[in-house]
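Student:
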Amino acid sequence: MKFATKIKKVNPEKGYDLLKKNETLQQAAFLIKKGQVVAFPTETVYGLGAAADNQEAINAIYEVKGRPVDNPLIVHISEKEQLFDVIVGRIPELANRLIESFWPGPLTIIFPKNKKIPDITTAGLKTVAVRMPSFSITRALITLTETPLAAPSANSSGYPSPTLACHVYEDLKGKIPMIIDGGACNVGLESTVLDISNHKATILRPGAITSKELARVIGFTPEIIKNKKPEKTPASPGMKYRHYSPNTPLILINKNKFGAINRLISRYNSNKTAILVTSENKDIIEKENNINIIKMGSNNKKREIAHNLFAILRKLDQENYDLILVETLENEGLGEAIMNRLNKAAVDEY
Ligand code: TXA
Ligand code: MG
27 MKFATKIKKV
37 NPEKGYDLLK
47 KNETLQQAAF
57 LIKKGQVVAF
67 PTETVYGLGA
77 AADNQEAINA
87 IYEVKGRPVD
97 NPLIVHISEK
107 EQLFDVIVGR
117 IPELANRLIE
127 SFWPGPLTII
137 FPKNKKIPDI
147 TTAGLKTVAV
157 RMPSFSITRA
167 LITLTETPLA
177 APSANSSGYP
187 SPTLACHVYE
197 DLKGKIPMII
207 DGGACNVGLE
217 STVLDISNHK
227 ATILRPGAIT
237 SKELARVIGF
247 TPEIIKNKKP
257 EKTPASPGMK
267 YRHYSPNTPL
277 ILINKNKFGA
287 INRLISRYNS
297 NKTAILVTSE
307 NKDIIEKENN
317 INIIKMGSNN
327 KKREIAHNLF
337 AILRKLDQEN
347 YDLILVETLE
357 NEGLGEAIMN
367 RLNKAAVDEY
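According to this note's numbering, the sequence shown holds residues 27 to 376 in order.
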């Protein structure tokens, strides 16, 4: 279907209670209740949402994004009680502890799914991924729709996730009726996806909540599924596709190899190269005319890097670079999630 996509600004600072009376959010909720798909901000990235129990609307989400239908969606709720509209059985003790500490917020937990959630929402899996976003606009919208919302990130499949309303517009213009503009997403990276079946804790996708933060609450260190290369039967179906990739080739480069930058540039025949570096290491690189050195944030403030990363990658694509080099970060704290995205986005690594 063709739409004249409207971008509508909503001020998140008004807070949850006032936002429930906001006209734009009421319109968006009305559209969702009618079975439409709407894009909205969350604290992590922008989401593309529809009623989780509406098969046709969920179908439209896959179509609009060009998402493979075997990659399940996350279901978003605004109250803990809503979990029982989505999952089957009791809430395990481990989940209760996690919910207590991290909800509302960027932690997605996998549960056994109940029958109200159609198979298409979970891509045929018997489990469902659930999260309760903390962002005021998202929570108010879910409350107004009176139903859990299934929502993937609101980008075209494979491209970096949107952290601004204009990113959603670039990707989905004409394909959806409305984008709610709530400004820049605070975190800038997606939620952590955690599987807690069999009394274990397995991170299927590292994200905004780090494994250290999880360990502090559950008393042991969760395992992180490593999935650099596509697998035949990955634990999370989203793992086997290429993700987060700008159109411009992106190469990861260790700071010890910065001396080889010029060789890389000639190997890739690049006339316009961007190199994303931490502020600590920007001076190691020799300045040359055809290289633009871009600070992505400080190594000690990974939140800054997470916040900026996707927006920078999208901007570089628009500015017609023909090569993007990105400094490899330590795989620690939020670095786990950032490097997970960069490893998937990269075509090569030095
Ligand atoms: O921060 C976020 O999580 C954002 C915002 C919009 O909430 N959403 C998001 O959704 O990143 P998406 O669809 O881009 O990524 C969902 C990830 C995929 O890797 C998918 O495979 C995994 O969660 N997933 C969903 N349901 C699952 C399930 N039942 N079992 C295992 N993995 C699942
Ligand atoms: Mg996504």
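Even for Gly, the Cβ is constructed at its ideal location relative to N, Cα and C.
Between the C-alpha atoms of Thr134 and Asn326, what's the straight-line distance to the nearest angstrom?
Tutor: 26 Å
Student: Does Phe56 pass the burial test, meaning 16 or more other C-beta atoms within 10 Å, or should it be called exposed?
Tutor: exposed
Student: Report the rounded CA-to-CA distance for Asp197 versus Gly61, giving the unit in angstroms.
Tutor: 21 Å
Student: Are there any heavy atoms of ligand 3 lying less than 8 Å away from the beta-carbon of His333, as far as the coordinates show?
Tutor: In the structure on display, ligand 3 does not appear, and the ligands it does have are ligand 1 and ligand 2.
Student: What does DSSP give as the partner residue(s) for Ala176 in the beta ladder?
Tutor: Ala76, Val101
Student: Let me know if Thr173 comes out buried or exposed under the rule of 16 or more other beta-carbons within 10 Å of its beta-carbon.
Tutor: buried
Student: If distances are taken between C-alpha atoms only, which option among Ala363, Tyr195, Leu339 comes closest to Ile277?
Tutor: The residue with the shortest Cα to Cα distance from Ile277 is Leu339.
Student: Quick check on Glu69: buried or exposed, where buried means 16 or more other Cβ atoms within 10 Å of its Cβ?
Tutor: buried
Student: Just the C-alpha distance for Ile58 and Asn282, rounded to the nearest angstrom, thanks.
Tutor: 51 Å
Student: May I ask whether a heavy atom of ligand 2 can be found less than 8 Å away from the beta carbon of Pro178?
Tutor: yes
Student: Quick one: what does DSSP say Gly131 is sitting in, helix, strand or coil?
Tutor: DSSP places Gly131 in coil when its eight states are reduced to three.
Student: When you compare the stretch 295-304 with the stretch 234-247, are there three or more beta-carbon pairs, one atom per stretch, that lie closer than 8 Å?
Tutor: no
Student: Along the chain, where does the alpha helix (DSSP H) containing Ala8 start, and where does it finish?
Tutor: Here the chain covers residues 27 to 376 and nothing more, so residue 8 does not appear.
Student: If you follow the beta strand (DSSP E) that Glu196 is in, where does it begin and where does it stop?
Tutor: No beta strand (DSSP E) contains Glu196, which is instead part of the alpha helix (DSSP H) from 191-198.
Student: Cβ-heavy atom distance between Asn318 and ligand 2 below 8 Å?
Tutor: No; taking the cut-off as 8 Å, the Cβ of Asn318 has no heavy atom of ligand 2 nearer than that.
Student: Return helix, strand or coil for Glu119, following the three-state DSSP convention.
Tutor: helix
Student: Let's see if you can read the secondary structure: which residues bound the alpha helix (DSSP H) around Ala55?
Tutor: 49-59
Student: Given a threshold of 16 other Cβ atoms within 10 Å of its Cβ, counted over all protein chains shown, does Leu124 qualify as buried or as exposed?
Tutor: buried
Student: Short of 7 Å in beta carbon distance, which residues of its chain neighbour Pro138, apart from the five on each side in sequence? Order them along the chain.
Tutor: Around Pro138: Ile113, Val114, Gly115, Lys152, Thr153.
Student: Enumerate in chain order the residues of its own chain whose CB-to-CB distance from Lys258 is below 6 Å, with the five nearest sequence positions on each side excluded.
Tutor: For Lys258, the predicted model reports a pLDDT of 43, less than 50, meaning its position is unreliable and no value from the coordinates is stated.
Student: Identify, in the order they occur along the chain, each residue of the same chain with its Cβ nearer than 7 Å to the Cβ of Asp79, setting aside the five sequence neighbours on each side.
Tutor: Excluding positions up to five away in sequence, the list reads Lys142, Ile143, Pro144, Thr173.
Student: I'd like to confirm something about Lys216: is its beta-carbon nearer than 8 Å to some heavy atom of ligand 2, or not?
Tutor: Inspection of the sequence shows that residue 216 is occupied by Glu rather than by Lys. True, at least one ligand heavy atom lies under 8 Å from that Cβ.
Student: Runs of 4 residues minimum, wholly inside the stretch 305-361: which ones carry the alpha helix (DSSP H) assignment?
Tutor: Entirely contained in the stretch 305-361, the alpha helix (DSSP H) runs reaching 4 residues are, in chain order, 328-344.
Student: To the nearest angstrom, report how far apart Lys255 and Ser271 are at their CA atoms.
Tutor: Its pLDDT being 49, under 50, Lys255 is placed unreliably by the model, and nothing is read from it.
Student: How would you call Ala372, buried or exposed, if buried means at least 16 neighbouring beta carbons within 10 angstroms?
Tutor: buried
Student: When DSSP builds the beta bridges, which residues end up paired with Ala300?
Tutor: Asn318, Ile350
Student: Please report how far the alpha carbon of Gly150 lies from the alpha carbon of Phe336, in whole angstroms.
Tutor: 30 Å
Student: So does His102 have its beta carbon nearer than 8 Å to some heavy atom of ligand 2?
Tutor: Checking the Cβ of His102 against ligand 2 gives no.
Student: Using three-state DSSP, classify Ala65 as helix, strand or coil.
Tutor: strand
Student: With a Cβ-Cβ cutoff of 9 Å, do Ile103 and Met27 count as a contact?
Tutor: Ile103 is not a Cβ neighbour of Met27, given a cutoff of 9 Å.
Student: What's the C-alpha gap between Ile202 and Met365?
Tutor: 31 Å
Student: Nearer than 8 Å: is that true of the beta carbon of Ser187 relative to any heavy atom of ligand 2?
Tutor: yes
Student: Give the straight-line distance between the Cα atoms of Leu355 and Glu362, rounded to the nearest whole angstrom.
Tutor: 9 Å
Student: Nearest to Asn315 by CA position, among Ala300, Arg242, Asp309, is which residue?
Tutor: Ala300
Student: For Ala149, name the three-state secondary structure that DSSP assigns.
Tutor: coil
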